Amino acid sequence: MLEQLREVVSSAKAIVAALDPASLHALDAVSLMDEFTALERIAVAGRTFLAARATDANEWSRRGYRTPEDWLANKTGTNWSQAKNCLDASVKLTELPAVDQALRAGKLSPAQLNEITPALTAENEQRLVKAAASDSARQLRQRCQHERAAQRSGEEELARYQRIHKERSFRSWIDPEGAWRCEAKTTADVGARIDAAIAAEAEKVFKAAHAEGRRDPAAAYRADALVNLIEGGGSTVDTVVVLRADATKIAGGEGMCQTADGADVPVEVVIGEILAGAFVKVVLTDGTDIMKVSHPGRHIPEELRTAVTERDGYRCVRPGCGSIHRLETHHYRIDYGKRGPTAYWNLATLCRHDHRLATNRGHRLDGGPGDWKWIEPP
Ligand SMILES: [Zn+2]
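My numbering runs 106 ahead of the 1-based position in the sequence shown.
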């Protein structure tokens, strides 16, 4: 087989060596180009079929490469991610009969194979092979991005969201120039609220400046807005954060919805915000229905109270109590007096007696639904 292939390569080399495009009829140039394209595809197909098995020779570690991908990239003159895609495709091919067939038939270009590989599954391979034949490169890229987004399970997205929440941070420092600088990280929904508040306040700062005949860059107004808001001098503004959500996910209470920037936010967070009457406008993804526009309020909306009581099984959640009488809604994580939000996650059902212990006598409710703890005062 090797001898046979070597003969093919050397004939192809001889043809290229003798090529003189100027002497060709243009239509012959088209035909020759088609054949070279076919040759390229079949060559990439062969290489893809062999790549995984070739790494078993361990040449990559003997030659001092850190990974098989580094070795393959160097060997084939591709970059690391192309080499990785080639190896991934090589490994996956046994479970992808449609791709296997398309490759052997020379129906996939190197670029197309590289594009679809990260998105390929047994479920979508026929779809993607078909799309490769008809889509433009740009369309194929978008299609693959959608396929990958659809594959990321709700759980992975939720885990990522929770990690980002855990890694939330704010730091500030004085730079060499003597300027105060800062850097922050938090979840996309919190960020969207901050952005909306700054944008609304910046609009007011701009109008005030304009009235006085001052002009500054928009970024400067946003900086002024941030200071106003933090120092409490900001006017109360009706900010609205738009979130896109799927009606079935809202109903099921699971999965992710998106901020206007396309970042993922767990649907349970959104439900909490809707119920809490926070600065949220939820637009259903079918695009026709705006579910709710609501504003922040100091009182607990009745629908939220109902949702919390229902979650808590119409009982006081204090372990050992479970009373069904005189139920009240308690801000258990962040106290109402400390501007604790009337959000789903901050509320719990307590009987009036326990609610008083928690509010006035230093007792504390901790944990969460399914895992409530009652901490007595020291
Ligand atoms: Zn109780």
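Even for Gly, the Cβ is constructed at its ideal location relative to N, Cα and C. Just so we're clear, the structure is a prediction, and the values are computed from it rather than from any experiment.
Which of helix, strand or coil DSSP assigns to residue i
i    : result
A238 : helix
V49  : Outside the modelled stretch of the chain, which goes from 107 to 484, sits residue 49, for which no answer is possible.
I300 : helix
A72  : Because the chain is modelled from 107 through 484, residue 72 falls outside the range shown and cannot be assessed.
I270 : helix
I121 : helix
S167 : helix
K51  : No answer is possible for residue 51: it lies beyond the span of the chain, which begins at 107 and ends at 484.
E229 : coil
S429 : coil
A351 : strand
E434 : strand
R153 : helix
V311 : helix
V399 : Because the pLDDT of V399 is 33, which lies under 50, any placement of that residue in the model is unreliable, and the question is left without a value.
C288 : strand
R321 : coil
V423 : coil
R277 : strand
Between the CA atoms of residue j and residue i - distance to the nearest angstrom
i    : j    : result
L214 : W177 : 24 Å
W279 : S167 : 45 Å
A255 : A157 : 27 Å
R277 : P372 : 26 Å
L108 : R274 : 57 Å
V348 : A366 : 6 Å
E221 : A306 : 41 Å
D206 : T143 : 18 Å
Y420 : R467 : 24 Å
L453 : E360 : 20 Å
N164 : Y171 : 10 Å
C457 : W451 : 18 Å
R159 : G284 : 58 Å
S400 : D322 : Confidence in S400 is poor, its pLDDT being 35 and thus under 50, which makes the residue's placement unreliable; the coordinate value appears in the next sentence. In a straight line, the C-alpha of S400 is about 33 Å away from that of D322.
A329 : D301 : 12 Å
E253 : D241 : 15 Å
Q232 : A132 : 36 Å
P127 : R169 : 41 Å
I396 : C363 : Only weak support exists for where I396 lies, its pLDDT of 34 falling under 50; the value from the coordinates is given anyway. Between I396 and C363, the C-alpha separation is close to 14 Å.
I148 : A211 : 8 Å
G297 : F155 : 46 Å
Q188 : V136 : 28 Å
E337 : A308 : 14 Å
R112 : A265 : 51 Å
S129 : P224 : 43 Å
A351 : R249 : 21 Å
A464 : L471 : 7 Å
A314 : I430 : 55 Å
T184 : R439 : 54 Å
R299 : R247 : 32 Å
Within 8 Å, strictly: CB atoms of residue i and residue j
i    : j    : result
A304 : A331 : The question names Ala, yet the displayed sequence has Ile at residue 304. In this structure, A331 lies closer than 8 Å to I304 by Cβ.
T455 : C427 : no
P484 : H469 : no
T161 : L193 : yes
H461 : H436 : yes
K198 : L234 : no
A204 : Q218 : no
L145 : A118 : yes
A290 : A369 : no
V150 : P216 : yes
E201 : W186 : no
P475 : R417 : yes
W480 : R411 : no
Per-residue burial, residue i [other beta carbons within 10 Å of its own, 16 or more giving buried]
i    : result
K236 : exposed
W478 : buried
C288 : exposed
K190 : buried
V311 : buried
S196 : buried
N230 : buried
A317 : exposed
V122 : exposed
V376 : buried
V414 : buried
V434 : According to the sequence displayed, residue 434 carries Glu and not Val. Result: buried.
A243 : exposed
A120 : exposed
A179 : buried
Closer than 8 Å to chain B by CB, residue i
i    : result
F155 : Going by chain labels, chain B is absent from the structure shown, which holds only one protein chain.
Return the chain-ordered ranges of every beta strand (DSSP E) run that is complete within the segment 447-482 and spans a minimum of 3 residues.
As far as the segment 447-482 is concerned, its whole beta strand (DSSP E) runs of at least 3 residues are 453-457, 470-474 and 477-481.
Check your reading: residues with Cβ closer than 6 Å to ligand 3 heavy atoms:
Absence of ligand 3 is noted for the structure shown, with ligand 1 being the only ligands found.
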